[in-house]
Amino acid sequence: MTQVISEEERKKRQALSRALNDAFARGDMETYDALMREIEAPAEALMAAKKSMGADWVRKKGFNTKRADEKYGPGWLDR
């Protein structure tokens, strides 16, 4: 299924992506983490983070877990 987004949304996502890359390249992890909290992370990426870093790490980072909550159900971080 192809998702169509508006030109405005595409530009917003591109700017966020550039800002993430720039912060990471500078080693500015505080800014990088703040920007990461703005993204609806893919469910699979959050599950991988949970498995490799732990549920508490995912919580502390404050990631937007909307997609993972929808895919894995409420309480997925605790299972």
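In our numbering, each number is its position in the sequence shown, counted from 1, plus 25.
The beta carbon of each residue, even a glycine, is placed where N, CA and C say it ideally should be.
The structure presented is a predicted model; accordingly, all values stated were derived computationally and were not measured.
Residue i - partner residues in DSSP beta bridges
i, result
"Asn89", "Glu65"
Presumed contact (8 Å Cβ cut-off) between residue i and residue j, rounded CB distance
i, j, result
"Leu71", "Phe88", "6 Å"
"Arg92", "Ala68", "4 Å"
"Leu102", "Lys76", "Going by Cβ atoms, the distance from Leu102 to Lys76 rounds to 11 Å, so no, they are not a contact pair."
Beta-carbon proximity list for residue i, same chain, < 7 Å, skipping 5 on both sides
i, result
"Lys96", "Ala68"
Residue nearest to residue i in terms of C-alpha spacing, selected from the options
i, options, result
"Ala44", "Thr90, Val29, Ser31 and Glu63", "Glu63"
"Leu41", "Thr56, Gly98 and Thr27", "Thr56"
"Ala59", "Lys86, Glu65 and Trp82", "Lys86"
N- and C-terminal bounds of the alpha helix (DSSP H) containing residue i
i, result
"Ser105", "Residue numbering for the chain in the displayed model covers 26 to 104; residue 105 lies beyond these limits and cannot be assessed."
Close-in-space but distant-in-sequence residues of the same chain around residue i (CB under 6 Å, 5 per side omitted)
i, result
"Asp81", "none"
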